[in-house]
Structures are given as C-alpha cells and as structure tokens.
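Chemist: Residue 81 in this note's numbering sits at position 73 of the sequence shown, and the numbers go up by one each step.
Below you will find the structure I want to go over with you.
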Amino acid sequence: MQFKSFNPPVRTLMGPGPVDVHPRVLAAMNRPTIGHLDPAFVGMMDEIKVMLQYAFQTQNAFTIPISAPGSAGMETCIVNLVEPGDKVIVCVNGVFGLRMKEVVERVRGVPVTVEFPWGEPVDPQVLEDTLKANRDARFVAFVHAETSTGVESDACAVSEVARRYDCLTIVDAVTSLGGSPLRVDEWRLDAVFSGSQKCLSSTPGLSPITISERAVQRIRDRKSSVPSWFLDLNLVMAYWGSGQRAYHHTAPVNPLYALHESLVLLSNEGLENAWARHRKHHLALRAGLEAMGLRFYVQEHVRLPQLNAIVVPHGINESELRRRLLEEYSLEIGAGLGALAGKIVRIGLMGYGSNVKNVLYCLAALEEVLSEMRLPIDKGIAERAVHAALG
Ligand SMILES: *Cc1c(COP(=O)(O)O)cnc(C)c1O
Numbered sequence: 009m010q011f012k013s014f015n016p017p018v019r020t021l022m023g024p025g026p027v028d029v030h031p032r033v034l035a036a037m038n039r040p041t042i043g044h045l046d047p048a049f050v051g052m053m054d055e056i057k058v059m060l061q062y063a064f065q066t067q068n069a070f071t072i073p074i075s076a077p078g079s080a081g082m083e084t085c086i087v088n089l090v091e092p093g094d095k096v097i098v099c100v101n102g103v104f105g106l107r108m109k110e111v112v113e114r115v116r117g118v119p120v121t122v123e124f125p126w127g128e129p130v131d132p133q134v135l136e137d138t139l140k141a142n143r144d145a146r147f148v149a150f151v152h153a154e155t156s157t158g159v160e161s162d163a164c165a166v167s168e169v170a171r172r173y174d175c176l177t178i179v180d181a182v183t184s185l186g187g188s189p190l191r192v193d194e195w196r197l198d199a200v201f202s203g204s205q206k207c208l209s210s211t212p213g214l215s216p217i218t219i220s221e222r223a224v225q226r227i228r229d230r231k232s233s234v235p236s237w238f239l240d241l242n243l244v245m246a247y248w249g250s251g252q253r254a255y256h257h258t259a260p261v262n263p264l265y266a267l268h269e270s271l272v273l274l275s276n277e278g279l280e281n282a283w284a285r286h287r288k289h290h291l292a293l294r295a296g297l298e299a300m301g302l303r304f305y306v307q308e309h310v311r312l313p314q315l316n317a318i319v320v321p322h323g324i325n326e327s328e329l330r331r332r333l334l335e336e337y338s339l340e341i342g343a344g345l346g347a348l349a350g351k352i353v354r355i356g357l358m359g360y361g362s363n364v365k366n367v368l369y370c371l372a373a374l375e376e377v378l379s380e381m382r383l384p385i386d387k388g389i390a391e392r393a394v395h396a397a398l399g
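Okay, structure coming up:
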C-alpha cells in the first residue's frame, strides 16, 4: 500500500477545544527533539513549573503538567487522593461532573452526587445541605468552568463551604485556566487540573495540575498504594521535582516545548490582561449574536466568556448548520452534549482564538449560513453591533 503525508485542512477552531494554536507555539513544537534528561530540557521543565504556578496563581510546589490530556489530570487527582471507601461529594451540572463521578467509582470511592440543572452553576447552599447530611465526606469535587454548558461556578464560595466541613476540593479548571479568573491559593483549592488545548491554546495532550500542601499530606498519609503506576504522584514528582531526577517515563518532549511557548505568551501578556481580553471578545460576540436575534442558553451573570452556549433557533437543523460552517467556511464550532444535543451550539473564544478576527468571521459565517437556512437576518447587522461594542 502507498500512503501520502497527512496534510490537515486549514481550519478556524471555535469549538470547545482544541482551539487555534498560536504560530509561535506551533513553531516551538517543530524544534529538534532532545533527550528528556538533557540538562537543557530539565531547565525548560523547571521554567514550565514556574510559569504554571503563575497561571494557576499558586505557590504550590506540586505544579506540573501530566503527560496526557485533561481527563488524565482529573484521574491523577482522584487516584492519588481518594482511597477505597472515601466519600466524595461530586457536584454535577454537566458532562464533566459526571466524568468525575465515574472516576471516583473506579477507585472504589463512594460518590454522593449533588445535581444541578444543566446550564446552572453549583449552588453552595445546596452543597452545604449535602455536607450536613454527609459529615463523613472527605472531598468535594466540582467543575469550575463547565464546558458542556458554558457555565462558571463560584469556585471560591464552593471551596469555602468544603473547608468548613473539612473536605479537600478536587477542581476541574480545564477550561478556566488562562481564560477567566482562577486563584488557586487565594481560594484555597486543593487539587486542580487543567488542559493544554483550551485557554492556553497549546496543542492537546498535556494536563497541568497543582496540588496544595494539605492534599500532598493526604497523599503521603494514604493507607493503600496509589492504584495507578503511571499517575502515582510520588513517582511523577521524583521525575518532575527539584534535585536529582529519577527516570519515570519519557516526557513528551516537543509538546512540552509547545506548552512552554504558550506559557511564555501568557506571562508576557499578563494573566489579568488575558482574562480581560477573553471578556472583551465575549462581549463583542454577544453583541453580534444578539443583533442577529440569537439567544444565550445561560444566564448572563454565570456565563463563561470563553465558551458561548447559543440556543439553536427554531426550525434550524443544528448538525446541518455545523456541517455547512465546516464545509463552506472551514469553521469548527461545538455541538451540544447529552440532553443539549441539537438544542445548543457552543462557540469557543479561547486563548489565541479569542480575537476580533475570529469574532467577525464566525458572525459573518453564521449570518450567511443561517440566512440560507431561511432565518431572516439583516445583512451586516452583527458586524455593526460588534464595532459598536468594541467602541
Ligand atoms: C475538555 C475538558 C475536559 C477533558 O479534557 P481532555 O483533554 O479532552 O481529556 C475535562 N473537563 C472540562 C471542563 C473540559 O472542558
């Protein structure tokens, strides 16, 4: 058989991730592979840890990228912390809370789920009621930025309730890191995981995590050994920690160059500036969408700027809409998941992809395709609204 090189089409990625990768990040990925124990590489690993501490706003020494995607970061936090029989309150307001519950079950923890309607945040009061009824709970797990619905929960308030009941928090910050305020130390979060391909807009396949001193102590005090060799933080930290490095696995050398570059970009821009940029382009997109008569699925005060869940207008076939955007405009947006399949589309404005050009391109493509699908839209109305919003 004869195969040819794979050349991916050029896309604009405005879904739930991966998103457009900065050219400097792609260029970094192309640099020559060196040994993972090469002193030059070890120096770069140390810089990644420092820049991740900045991105997470933490002094935690246990702040590293796991060599696998966001879900592996989730699994790392749970397999290291939760022992068989440990009760974990899992807040579920979308797909990723459900995933955490499944992981807890697999390590033979005892999940107690608190459900919230999809499209709404975690309610700290309801969580508190659950904690009152479960005084033996040891952990509270929740999703800070629920990418499946576009909702932000108040991580500071959830953490405060959890601490009052002496629970450690396990926090999915996959979509919040770099895109909207996340302050690990100030909010006293314990085990927080993220992903490289969302608001850091690096390539997929790495999961930054950070673990508080309290949580590190809990891992040290375990009665049983961590039921995963690859994700065992005692072993991983002997590889990523300071001092003499013990070989554990071969770090994904080039993807780490990419992550390093994306963190250089973030630290040069400044975290607060990056948060403000995400907000600004969200507001611009909102102005355009609303001018076209489209509606958000989520109430304004809990909307994520980096993930816009839009109600599919009556009479519009959602999968045809996305297919045409992809085929005719090479533009990817996300589908609704689970109960929201067919009902919403998800427009990501994450990391490098959160810019005016993407906002205008997405609105122009939506205007064309929706008009052809017989939704009445005034030509140019969205673009004018964007310019008005940007001032
Ligand atoms: C994308 C995402 C994940 C999973 O990350 P992968 O890199 O796909 O494994 C987990 N949680 C949230 C909130 C996400 O958006």
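Quick reminder that beta carbons are idealized off the backbone N, C-alpha and C, glycines included.
All values derive from a computational prediction rather than experimental measurement.
Within the same chain, show all residues whose beta-carbon is closer than 7 Å to that of Ser379, passing over the 5 residues directly before and after it, in chain order.
Modeler: Cβ neighbours of Ser379 beyond the five flanking positions: Ile385.
Chemist: Cβ of Val96 within 8 Å of Cβ of Val130?
Modeler: For Val96 and Val130, no; Cβs fall outside 8 Å.
Chemist: Taking the alpha-carbon of Leu135 as reference, which of Trp126, Gly127 and Ala145 has the nearest alpha-carbon?
Modeler: The candidate whose alpha carbon is nearest that of Leu135 is Ala145.
Chemist: Quick one: any contact between the region 229–238 and the region 26–43, if contact means 3 or more CB pairs under 8 Å?
Modeler: Segments in contact, no.
Chemist: Between which residues of its own chain and Val310 is the CB-CB distance below 8 Å, once the five residues before and five after are set aside?
Modeler: The answer, listed in chain order, is Glu128, Pro129, Val159, Glu160 and Ser161.
Chemist: Indicate the three-state DSSP secondary structure (helix, strand or coil) for Cys175 in the structure shown.
Modeler: In this structure, Cys175 counts as coil in the three-state DSSP scheme.
Chemist: Span of the alpha helix (DSSP H) holding Met3?
Modeler: In this structure the chain extends from 9 to 399, so residue 3 is not present and cannot be described.
Chemist: Counting pairs of Cβ atoms below 8 Å between the region 312–332 and the region 73–90, do you hit three or more?
Modeler: No, the region 312–332 does not touch the region 73–90.
Chemist: Tell me the residue span of the alpha helix (DSSP H) that contains Met82.
Modeler: Met82 -> alpha helix (DSSP H) spans Gly78 to Leu89.
Chemist: Helix, strand or coil: how does DSSP classify Ala317 here?
Modeler: Strand, per DSSP.
Chemist: Does ligand 1 have even one heavy atom less than 7 Å from the beta-carbon of Glu110?
Modeler: Flag unset: Cβ of Glu110 not near ligand 1.
Chemist: Whole angstroms are fine: how far does the CA of Leu293 sit from the CA of Leu371?
Modeler: Distance between the alpha carbons of Leu371 and Leu293 is about 8 Å.
Chemist: Just to check my reading of the structure: Val353 and Leu368 have Cβ atoms closer than 8 Å, yes? What is that Cβ distance to the nearest angstrom?
Modeler: 18 Å between Cβ atoms; not a contact.
Chemist: Can Ala63 and Leu274 be called in contact, C-beta distance under 8 Å?
Modeler: The answer is yes: Cβ separation under 8 Å.
Chemist: Of the residues Leu214, Ala317 and Glu269, which one's Cα is nearest the Cα of Gly342?
Modeler: For the residues Leu214, Ala317 and Glu269, the minimum Cα distance to Gly342 belongs to Ala317.
Chemist: Just curious, the alpha helix (DSSP H) that Glu113 is in, first and last residue?
Modeler: From DSSP, the alpha helix (DSSP H) with Glu113 extends over Val103 to Arg114.
Chemist: Measure from the alpha carbon of Val306 to the alpha carbon of each residue in Ala266, Leu45, Glu123 and Ala153, then state which is nearest.
Modeler: Nearest of Ala266, Leu45, Glu123 and Ala153 to Val306, Cα basis: Ala153.
Chemist: With respect to 7 Å, is the separation between the Cβ of Lys206 and the closest non-hydrogen atom of ligand 1 below this value?
Modeler: At least one heavy atom of ligand 1 is nearer than 7 Å to the Cβ of Lys206, so yes.
Chemist: At what residue ranges does the region 340–392 contain a whole run of the beta strand (DSSP E), taking only runs of 3 or more?
Modeler: Segments of the beta strand (DSSP E) lying fully in the region 340–392: 352–356.
Chemist: Looking at the unbroken beta strand (DSSP E) that takes in Leu21, where does it start and where does it end?
Modeler: Where Leu21 is concerned, the enclosing beta strand (DSSP E) stretches over Thr20 to Met22.
Chemist: Starting from the C-beta of Gly361, find all residues in its chain whose C-beta is less than 7 Å away, skip the five residues before and the five after it, and write them out in chain order.
Modeler: Cβ within range, chain order: Leu21, Met22, Val27, Asp28 and Ser209.
Chemist: With C-beta atoms as the reference, is Ala282 less than 8 Å away from Gly186?
Modeler: Yes, Cβ-Cβ distance for Ala282 and Gly186 is below 8 Å.
Chemist: Under 7 Å from any heavy atom of ligand 1, does the C-beta of Glu326 make it?
Modeler: No, ligand 1 has no heavy atom inside 7 Å of this Cβ.
Chemist: Who are Ile324's beta bridge partners in DSSP?
Modeler: Looking at the DSSP assignment, Ile324 forms no beta bridge with any residue, so it has no partner.
Chemist: What distance in whole Å lies between the Cβ atoms of Phe201 and Ser184, which are believed to be in contact at a cut-off of 8 Å?
Modeler: That belief does not hold up - the Cβ atoms of Ser184 and Phe201 are roughly 11 Å apart, past 8 Å.
Chemist: Quick one: does the C-beta of Phe104 sit closer than 7 Å to a heavy atom of ligand 1?
Modeler: Yes, ligand 1 has a heavy atom inside 7 Å of this Cβ.
Chemist: Report the rounded CA-to-CA distance for Pro47 versus Glu55, giving the unit in angstroms.
Modeler: Pro47 and Glu55: Cα-Cα distance of roughly 13 Å.
Chemist: On the DSSP letters alone, give me the boundaries of the beta strand (DSSP E) that Pro119 sits inside.
Modeler: Where Pro119 is concerned, the enclosing beta strand (DSSP E) stretches over Val118 to Glu123.
Chemist: How about Val319 and Lys351: do their beta carbons lie closer than 8 Å?
Modeler: The answer is yes: Cβ separation under 8 Å.
Chemist: Less than 8 Å separating the beta-carbons of Val148 and Ala170?
Modeler: Result yes, Cβ atoms of Val148 and Ala170 sit closer than 8 Å.
Chemist: Report yes if the CB atom of Thr155 is closer than 8 Å to the CB atom of Asn101, and no otherwise.
Modeler: No; because the gap between Cβ atoms is not below 8 Å, this pair is not in contact.
Chemist: Is the beta carbon of Met358 less than 8 Å from the beta carbon of Gly25?
Modeler: Taking 8 Å as the Cβ cut-off, Met358 and Gly25 qualify as a contacting pair.
Chemist: Taking all protein chains shown into account, do 16 or more other C-beta atoms lie within 10 angstroms of the C-beta of Thr258, making it buried, or fewer, making it exposed?
Modeler: Its Cβ having fewer than 16 others within 10 Å, Thr258 is exposed.
Chemist: Cutting at 8 Å between CB atoms, please list the residues of its own chain near Ile74, excluding the five before and the five after it.
Modeler: Once the five neighbours on either side are set aside, the close Cβ partners of Ile74 are Ala80, Gly81, Thr84, Phe201, Leu214, Ser215, Pro216, Ile217, Leu239 and Val244.
Chemist: Roughly how many angstroms separate the alpha carbons of Val364 and Gly296, rounded to a whole number?
Modeler: Each residue's alpha carbon lies about 12 Å from the other.
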